[in-house]
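Residue numbers (our numbering): 1 to 464.
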């Protein structure tokens, strides 16, 4: 609402009562800053709005909210200390009846079965397949499930092994932890075997190397998921042994583990070097080709100049309209004195005129603020300097030849900085072709926020 008010989308706020507008001193200060700056009228249905006592009401509302929160917390803590279950969905295998948590036999059977399969070293996706084939029940959540027995659901059950074995339900409230005793579902030997296997499955490389990926956080596919990256340093030999690769292979891959949710246009994985080369070449073309970045920067400056001229014309028209309203108001006052008109009719006409005049003044204040921001910035110089700096950096990086690991690392960081700044997103299709969307933010965010109807939201946009 405050953002719309700053854009001049309305000049009156109608609310039921003052507590619908804010419930704290900080929110009240932000609210009044916008209201006073853009001359917005406040109308309340239940009471009269008085800006003089508004801080007192905001303080009282904040105190009341804190008291409500404190009383609620005290009530929940008292219930938990008494060993009573609180609200919320229970863990798989349990059900809450009244204030007690009981074992749900239909689900508890599958909890034991999942731990048994895991201790038999059956892969997680194979466990999932068996659960689906056996039509094992799942808890019903607030949102409908997209797939049955996702990996995260099985991992959540395995991750709660201690609670299943010790018979605990843990609650946290106001920095305190409470344990509600419940009936255990798995026995201690199963839990100990599970814990031992979990520890054995963890790997701790002696020399863990953090690899660099140029497109980290940018590459997506039709699954609408951000791709992850990994580097393979070992391979399986013909004898079935794991041996170290001469050259590690890095790949980007789709993190969607479930075939049911994977798009038919998803390529699943791509060689990292091929993907980075493809995107970097398109980034180079976007920056160095005069038909892209430079041409669109000039177009942006042209749009800004046109917008400035339009604002100047609008400012002139508003001043003329205010002058007309002033003459009209004076004429109505003069006519009313001569004709001795009825007070109610005169008051109605004056209210209408004052309302229209206030709206014009509000719009005029907004236009004047915009014009001030346009005058303070040399748009053409700023755009040209930005393009020249980007092109110079791109030219040096494209021809850089690193000899040492330190130089390679430095060049990578500079390239990564350019990619993060200019690449909005990169979409890879089933044929491993990558479409890149570039966004060059030529104008500072702080400046563009002060300007209404800013062309392209201060950005140069292109897709290659």
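No residue lacks a Cβ here, since even glycine has one placed at the ideal position from N, Cα and C.
Residue i classed as buried or exposed, judged by whether at least 16 other C-beta atoms fall within 10 angstroms
{"i": "residue 192", "result": "exposed"}
{"i": "residue 218", "result": "buried"}
{"i": "residue 280", "result": "buried"}
{"i": "residue 14", "result": "exposed"}
{"i": "residue 516", "result": "Residue 516 lies beyond the residue range present for the chain, which begins at 1 and ends at 464; the question has no answer from this structure."}
{"i": "residue 92", "result": "buried"}
{"i": "residue 492", "result": "Only positions 1 to 464 of the chain appear in the structure, and residue 492 is not among them; the question remains open."}
{"i": "residue 29", "result": "exposed"}
{"i": "residue 17", "result": "exposed"}
{"i": "residue 22", "result": "buried"}
{"i": "residue 436", "result": "buried"}
{"i": "residue 310", "result": "exposed"}
{"i": "residue 387", "result": "buried"}
{"i": "residue 157", "result": "buried"}
{"i": "residue 394", "result": "buried"}
{"i": "residue 392", "result": "exposed"}
{"i": "residue 423", "result": "buried"}
{"i": "residue 70", "result": "exposed"}
{"i": "residue 104", "result": "buried"}
{"i": "residue 282", "result": "buried"}
{"i": "residue 43", "result": "exposed"}
{"i": "residue 53", "result": "exposed"}
Presumed contact (8 Å Cβ cut-off) between residue i and residue j, rounded CB distance
{"i": "residue 178", "j": "residue 286", "result": "The Cβ separation is near 57 Å, so there is no contact."}
{"i": "residue 89", "j": "residue 129", "result": "Incorrect: roughly 25 Å between the Cβ atoms, too far for contact."}
{"i": "residue 267", "j": "residue 428", "result": "6 Å"}
{"i": "residue 164", "j": "residue 95", "result": "About 15 Å separates the two Cβ atoms, so there is no contact after all."}
{"i": "residue 231", "j": "residue 216", "result": "In fact, because the Cβ distance is near 12 Å, the residues do not count as touching under 8 Å."}
{"i": "residue 278", "j": "residue 434", "result": "5 Å"}
{"i": "residue 137", "j": "residue 106", "result": "6 Å"}
{"i": "residue 194", "j": "residue 118", "result": "6 Å"}
{"i": "residue 148", "j": "residue 261", "result": "Contact doesn't hold; Cβ gap of about 11 Å is too wide."}
{"i": "residue 352", "j": "residue 322", "result": "Not a contact, Cβ separation roughly 15 Å."}
{"i": "residue 366", "j": "residue 8", "result": "5 Å"}
CA nearest to the CA of residue i, picked from the options
{"i": "residue 432", "options": "211, 106, 271, 111", "result": "271"}
{"i": "residue 405", "options": "212, 349, 365", "result": "212"}
{"i": "residue 77", "options": "46, 115, 173", "result": "173"}
{"i": "residue 59", "options": "288, 26, 45", "result": "26"}
{"i": "residue 131", "options": "153, 146, 120, 201", "result": "153"}
{"i": "residue 324", "options": "85, 234, 354, 108", "result": "354"}
{"i": "residue 478", "options": "33, 181, 223", "result": "This structure cannot settle anything about residue 478, because the visible part of the chain is limited to 1 through 464."}
{"i": "residue 108", "options": "393, 160, 43, 320", "result": "160"}
{"i": "residue 74", "options": "19, 11, 176", "result": "176"}
{"i": "residue 426", "options": "221, 234, 306", "result": "221"}
{"i": "residue 51", "options": "86, 32, 127, 275", "result": "32"}
{"i": "residue 123", "options": "162, 12, 201", "result": "201"}
{"i": "residue 62", "options": "168, 19, 150, 10", "result": "19"}
{"i": "residue 125", "options": "144, 72, 155", "result": "155"}
{"i": "residue 317", "options": "368, 306, 420, 11", "result": "368"}
{"i": "residue 274", "options": "408, 150, 214, 225", "result": "214"}
Proximity test, residue i beta-carbon vs the ligand NAD heavy atom, cut-off 7 Å
{"i": "residue 367", "result": "No copy of the ligand NAD appears in this structure; indeed no ligand is present at all."}
Under 8 Å, with one C-beta from each stretch per pair, do the region 1-11 and the region 320-336 reach the 3-pair mark?
Contact annotation: the region 1-11 does not touch the region 320-336, with fewer than three C-beta pairs closer than 8 Å.
Taking one C-beta from the region 250-257 and one from the region 386-406 each time, how about it: are there three or more such pairs within less than 8 Å?
Taking 8 Å as the limit for Cβ pairs, the verdict is that the region 386-406 does not touch the region 250-257.
Would you mind listing the beta strand (DSSP E) stretches within the region 229-269 that are 3+ residues and don't spill past its ends, in chain order?
Runs of beta strand (DSSP E) with 3 or more residues, each lying fully within the region 229-269, are found at 242-253, listed in chain order.
Three-pair Cβ contact test at 8 Å for the region 80-87 versus the region 55-72
No, they do not touch.
Report yes or no: do three or more beta-carbon pairs, one from the region 407-417 and one from the region 231-247, lie closer than 8 Å?
With the cut-off at 8 Å, the region 407-417 and the region 231-247 do not touch.
For the region 354-436, list the beta strand (DSSP E) runs that are entirely contained and at least 3 residues long, ordered along the chain.
Qualifying beta strand (DSSP E) stretches, in chain order: 423-428.
Report yes or no: do three or more beta-carbon pairs, one from the region 383-391 and one from the region 183-190, lie closer than 8 Å?
Contact fails: fewer than three Cβ-Cβ distances are below 8 Å.
Extract the residue ranges of the beta strand (DSSP E) inside the region 156-183, only unbroken runs of 3 or more that lie entirely within it.
Fully enclosed beta strand (DSSP E) runs of 3 or longer: 168-173, 176-181.
For the pair the region 28-48 and the region 355-368, tell me if three or more CB-CB distances fall below 8 Å.
Segments in contact, yes.
Runs of beta strand (DSSP E) wholly within the region 308-352 (minimum 3 residues, chain order)
Residue ranges of uninterrupted beta strand (DSSP E) with 3 or more members are absent from the region 308-352; none lies entirely inside it.
At 4 residues or longer, and completely inside the region 91-145: list those alpha helix (DSSP H) runs for me, N to C.
Counting only runs of 4 or more, we get 105-119, 124-133.
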